[in-house]
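Colleague: My questions all concern the structure below.
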Amino acid sequence: MARFILAAATLFLATQVHAQDWPDRNNLPIPLAPFEGSIGETYQDSESDWQEPVAAPEGAPNVIVILLDDVGFGQTSTFGGLIPTPALDQLAEEGLRFTRFHTTAICGPSRAALLTGRNHHSSGNGFLMEWATGFPSYSTMLPKETATIAEILKGNGYSTWWFGKNHNTPDWEQTVTGPFDRWPTGMGFDYFYGFNSGETHQYYPVLFENTVPVEPETTPEEGYHFMTDMTDRAIARMKFAKSVAPNKPFFMYFAPGAMHAPHHVTAEWREQFDGAFDMGWEAYREQVFARQQEMGIVPEGTELTPRPDWVPAWDTLSEEQKEVYNALFENYAGYFAFTDHEVGRLLDAVKVLPDAENTMVIYIVGDNGASSEGGPDGTLNEIMNLNGIPSNIDDIKANLDKLGGPESEPHYPVGWAWAGNTPFQWVKQVASHLGGTRNPMVISWPARIEHDAAPRTAFLHLVDVVPTILDAAGIPMPDTVNGIGQKPLEGESFLTSFTDPGYMGRTQQYFEVFSNRSMYADGWKANAQHTFPWRQDFAPGEWEKDNWELYNLEEDFSEANDLAAENPEKLEELKAMLDEAFGKYGVLPLDDRGAGRLASAKPPVPGADEDTRTYTYYEGAIRIAEPAAPPMKNRSWALSASVGTDGAETEGVIMGFGGVAAGMVLYLDGGVPVFDYNLFEEHTVLKGTEPLPAGEAQITVDFAYQGAEGEAGKGAEISLAVNGTEVAAATMNSTVAGRFGIDTFGIGEDSGQPVTTAYEPPFAFTGVIESVVIEVQ
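20 is the number of the first residue of the sequence shown in our numbering; add one for each residue after it.
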C-alpha cells in the first residue's frame, strides 16, 4: 500500500512539473495535457482530471485559402479585367488587394509551395507529377521534412479540410494500395473531397472522398457540375463543424478545378458573353490596361507591353478564326462567371458563421498566369494538345455545338491567354516573366483588416502564405513533425502588410519551370525564356543560347523595358545569384522536354516490377491512375477476358481506360463484344457479329503495335476474338503516344467520363468477370 501511494504521489508531482511546459508547440504531435489530479487507492481518495487534447491558441482565426487555377492578371473585373467577378469584387471591398503576388508559373509546383511554405523544388515538385522524373526535386514525392500547413494546424487544434483539386499526390500512388501518406488525409487534412490530378472533367469528375472513389449522385443531364458539388460539400461541412464545436477554428483549402481546362459550363452562362469580346485581343488589352490605370492596379508610368510575334494581329485573322476564337473565350468567360458565383455562395455562407469576423479568407486568383495550352487555334480536345497534336480549326468550328458540354474538352487559343495577362509578357509555364508568375490576391479578415482601396504592393510569393497563417494563429513552425526534423520555412510572414501599406515584402526570389528561369533581387529581375507552352512536342535544348533580359521592377511594373544591354554588370550579378539559388534549392538538372518527358516517364509504381509483362485484374479494380495501369501505349499487347454471361441479356464495360479525350474500352452491347479505341475523338471500333453464347466465354483483343522500339504514337493492327475465333479486325495509322488524359483504368465499369457516347457511364457489367489478363511486350 505504501509503495502504491508513493508511486501515485510521484506521478502527481511529475505532472505538476511538466504541466507548466504544456503545450509545447515546437514538436508535433503534442501529447495530451499532463494529468493534474491525484490517484489514491480508490476513487474515494482520488481526484480526477481530464487530460485535454491540444487546443488552438486563443483568438486563432478560421482560415480559408481559395486557389483558382490558370487565371491571368488581367481577366477579373476586380483587377481591371473584362470578365465580371462580383463575388471577388465584394471580397476586395471588404479587405485588401495585392498586386505583386507571385506563383511558380504552373499548377502542381505552385500548390506544393503554397501548402508547405517551401519552394517547389525544395518540396520535390519542380514540375508536374504527370512529367515526374527520378530526381529528388522532380519526383513529386513530397518529403516528410516539408510538413504541410494542414498538418501543423491540425496538430495545434484546428479542423482541416480540402475540397477540389489535388495535384500533389503522385498518380502512381493513387490506387487502392497507396501508400496514402501523400494523399490529403495523409498530409494533415481531416477530410478530402475532390480529384487527384492536374484537371478533371467537370461533368464526369474522377472523385475521391478521403481515399475512397465515389461517383456523383446526379448526371450532367440532371444538372450535375463538380464546381457546385464541391461548394455544397464545403458549405455543409463548415456549418456542421460550427454547429458541433463553434469555438474550434478550421482551415479550409478550397481549390476548384476552375479555371483550368476543360472549360465546362452550360449555355446559359456562356451566352451572357455573346459578342463581348468581338473587339479582339489587342483592343481587349488596351481596355483592360486603361481600367487598371484608372483603378490604381498598375502604378503611374506603367507601359503596356507590345504584341509578340507569336500572337497574330486580330485584323489579320479570317472571319472563321475570329468566330472560333471568340466562341472559345466566351465559353471561358461564362465558366469564370459561374465559378465566381459558386465561390460567392461559399463566402456568403461564411458571413453567417458565429465567428465570421474572425475568419481570414486568402483568395489567390490563379496558381499561374493565363494558359496558352489551347494552342494557336484553341481546341475542343485539350488532352490532344498536351500530347503534342495541334487542333484543326475546321474541326473545332464543325463541333462548336458541343462547346462547354460533356463531349468537349475546350480551351481557348494563345492570343486570348496573352490578352488575359495584361499588362505583362508571356503566359503560364513561362516562369521567366510576370505573365506566368504574377497573380492577383485578395485577403479579408474583418477582425484584423480594415479595407483600403489602395492595393498593397509588397513583393510576395506563395511560400509566404504558410508563415503568414502561422503568424496570424500564433503558432510556431515546429522543429519536428512525427519525429522528423523539418526543413526551415523558405517564406516570410507578410502579416505586417495588413496594417502597414508600406511593407515591401521579399527581397529575393528565384523562378524556374520547364527551363524558363528568373531571379528577382531588390527590385531587379533577370529573365531567360526557354520553352513554348503550346509546343509540347518541342524541346529547344542549348540552354546557353537563351537570351537574357533585365528589368528594374521599381520603375517598370510590366517588364516593358529591357536593360540588359545598358547594365550588363547587374545582369551578371543576378545570374550568379540564380546559380546560387539553383544549388540551394535543388533546381538542377534542367529539363525542357514536353511530350517527350511525358511519354518516357517510368515512375516507381508500388508493388510492381518494371519488368512485369503480365497483369491480372478482377472485377471491382477501378480508378487506377494511368501510370499505375498496364503500360498499353507505344507497344504491342494482348487482353484476355474470362467472363460469364446470359448471352444477349448481358451488357456493360469489361475494361475501360481513359475517357472523352482519348482512351479505349471493351464492352458488351446486347451481348455483342465491342472494342473502341478513341484517338482524340477519332474512334476505331471493332464489333462482333452476334451475342456471346450464354455461359462462360473468352474475349481476346490483340493489339499489334507497328512502331519500332522507342517510336511513339505509331499505328497498330487490332483484332477482336471470341473463344479463339476472330470476329473483327481493324488498322490504325496512329495511336496515343503520351497519355489518354485525366481519367483512369478500371475493370467492370467505366467510372468518371465515358470513352464513348455509345453508353452512359459507369455502364457496369451485368455478367460475371472472372479475370482480365493483359500481357504487354
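Positions of the beta carbon are idealized from the N, C-alpha and C atoms, including for glycine.
State the Cα-Cα distance for the pair residue 431 and residue 397, rounded to the nearest angstrom.
Modeller: Going by the C-alpha atoms only, they are around 4 Å apart.
Colleague: Does the beta-carbon of residue 262 have 16 or more other beta-carbons within 10 angstroms, so that it is buried, or is it exposed?
Modeller: Exposed, by the Cβ-count rule.
Colleague: Take the Cβ of residue 22 as the centre, count every other Cβ of all protein chains shown within 10 Å, and call the residue buried at 16 or more, exposed below.
Modeller: Here the model assigns residue 22 a pLDDT of 45, short of 50, so the residue's position is not dependable, and the following value carries that caveat. Looking at its Cβ environment, which holds fewer than 16 other Cβ atoms inside 10 Å, residue 22 is exposed.
Colleague: Apart from the five residues just before and just after residue 613, which ones in its own chain have a Cβ nearer than 6 Å to its Cβ?
Modeller: So the qualifying residues of the chain are 555.
Colleague: At the level of alpha carbons, what is the spacing between residue 505 and residue 206?
Modeller: Whole-angstrom Cα-Cα distance: 14 Å.
Colleague: Would you call the stretch 435-443 and the stretch 84-98 touching, i.e. three or more CB-CB distances under 8 Å?
Modeller: The stretch 435-443, when compared against the stretch 84-98, does touch it at the 8 Å Cβ threshold.
Colleague: Counting only runs that start and end within the stretch 566-633, where is the beta strand (DSSP E) found for 3 or more residues in a row?
Modeller: As far as the stretch 566-633 is concerned, its whole beta strand (DSSP E) runs of at least 3 residues are 567-571.
Colleague: Could you check whether the stretch 661-676 touches the stretch 694-713, counting it as contact only if at least three pairs of C-beta atoms, one from each stretch, sit closer than 8 Å?
Modeller: Touching, per the Cβ criterion.
Colleague: Can you check which of these residues, 607, 606, 536 and 573, is closest to residue 594 by C-alpha distance?
Modeller: When only C-alpha atoms are compared, the closest one is 536.
Colleague: Which ranges does the alpha helix (DSSP H) cover as unbroken runs of at least 4 residues, wholly within the stretch 319-389, from first to last along the chain?
Modeller: DSSP runs (the alpha helix (DSSP H)) wholly in the stretch 319-389: 338-369.
Colleague: Short of 7 Å in beta carbon distance, which residues of its chain neighbour residue 418, apart from the five on each side in sequence? Order them along the chain.
Modeller: Answer for residue 418: 399, listed in chain order.
Colleague: What did DSSP end up calling residue 719 once you bin it into helix, strand or coil?
Modeller: Three-state result, residue 719: strand.
Colleague: Mind reading off the beta-carbon distance from residue 183 to residue 274? Whole number of angstroms is fine, and I expect it under 8 Å.
Modeller: Confirmed, about 4 Å.
Colleague: Please confirm whether any heavy atom of the ligand SAM lies closer than 7 Å to the CB of residue 131.
Modeller: Among the ligands in the structure shown, none appear at all, so the ligand SAM cannot be discussed.
Colleague: Pull up the CB-CB distance for residue 606 and residue 315, whole angstroms please, since I reckon it's below 8 Å.
Modeller: Between residue 315 and residue 606 the Cβ distance is about 36 Å, and since that is not below 8 Å, they are no contact.
Colleague: Taking all protein chains shown into account, do 16 or more other C-beta atoms lie within 10 angstroms of the C-beta of residue 62, making it buried, or fewer, making it exposed?
Modeller: So residue 62 ends up on the exposed side.
Colleague: The alpha helix (DSSP H) spanning residue 169 covers which residue range?
Modeller: First-last of the alpha helix (DSSP H) with residue 169: 168-174.
Colleague: Along the chain, where does the beta strand (DSSP E) containing residue 120 start, and where does it finish?
Modeller: Counting along the chain, the beta strand (DSSP E) containing residue 120 begins and ends at 115-121.
Colleague: Using the beta-carbon count (16 or more within 10 Å), is residue 259 buried or exposed?
Modeller: By the neighbour-count rule (16 or more Cβ atoms within 10 Å), residue 259 is not buried but exposed.
Colleague: Given this structure, state the Cα-to-Cα distance separating residue 210 from residue 297, to the nearest angstrom.
Modeller: Going from the Cα of residue 210 to the Cα of residue 297 covers about 44 Å.
Colleague: Return the chain-ordered ranges of every beta strand (DSSP E) run that is complete within the stretch 394-460 and spans a minimum of 3 residues.
Modeller: For the stretch 394-460, not a single whole beta strand (DSSP E) run of length 3 or above is found.
Colleague: Hey, quick one: how far does the alpha helix (DSSP H) through residue 303 stretch, first residue to last?
Modeller: Run containing residue 303: 300-314, per the alpha helix (DSSP H) assignment.
Colleague: Near residue 700, which residues of its chain fall below 7 Å by C-beta distance, leaving aside the five closest residues on each side in sequence?
Modeller: Only 400 meet the Cβ criterion.
Colleague: Taking the Cβ atom as the reference point for each residue, do residue 479 and residue 119 lie within a distance shorter than 8 Å?
Modeller: Going by C-beta atoms, residue 479 is nearer than 8 Å to residue 119.
Colleague: For the candidate residues 189, 591, 574 and 558, whose alpha-carbon lies nearest to that of residue 568?
Modeller: Of the candidates 189, 591, 574 and 558, the one whose C-alpha sits nearest the C-alpha of residue 568 is 591.
Colleague: Within 10 angstroms of the Cβ of residue 286, are there 16 or more other Cβ atoms? Answer buried if so, exposed if not.
Modeller: Its Cβ having fewer than 16 others within 10 Å, residue 286 is exposed.
Colleague: Ordered along the chain, which non-local residues of its own chain (more than five positions away) have a Cβ less than 8 Å from that of residue 776?
Modeller: Excluding residues within five positions, the ones whose Cβ falls inside 8 Å are 426.
Colleague: Confirm, please, whether the CB-CB distance from residue 351 to residue 461 is below 8 Å.
Modeller: For residue 461 and residue 351, no; Cβs fall outside 8 Å.
Colleague: Sort 719, 733 and 758 by Cα distance to residue 742 and report the nearest one.
Modeller: Closest option to residue 742, Cα to Cα, is 719.
Colleague: Round the Cβ separation of residue 127 and residue 215 to the nearest angstrom and send it over; I've been treating them as touching at under 8 Å.
Modeller: Not a contact, Cβ separation roughly 11 Å.
Colleague: When the cut-off is 8 Å and only beta carbons count, does residue 336 lie next to chain B?
Modeller: The structure shown has no chain B; it contains just one protein chain.
Colleague: Cβ of residue 463 within 8 Å of Cβ of residue 113?
Modeller: Yes, the Cβ-Cβ distance between residue 463 and residue 113 is below 8 Å.
Colleague: What does the alpha-carbon distance come out to for the pair residue 376 and residue 466?
Modeller: Looking at the two C-alpha atoms, the distance is approximately 5 Å.
Colleague: List the whole-angstrom C-beta distance separating residue 447 from residue 387, where the pair is believed to meet the contact cut-off of C-beta under 8 Å.
Modeller: Indeed, because the Cβ distance is near 5 Å, the residues count as touching under 8 Å.
Colleague: Sort out for me which residues DSSP pairs residue 475 with in a bridge.
Modeller: Residue 475 pairs with 117.
Colleague: Taking the alpha carbon of residue 601 as the point to measure from, which residue in 266, 779, 219 and 138 has its own alpha carbon closest?
Modeller: Ranking 266, 779, 219 and 138 by Cα distance to residue 601 puts 138 first.
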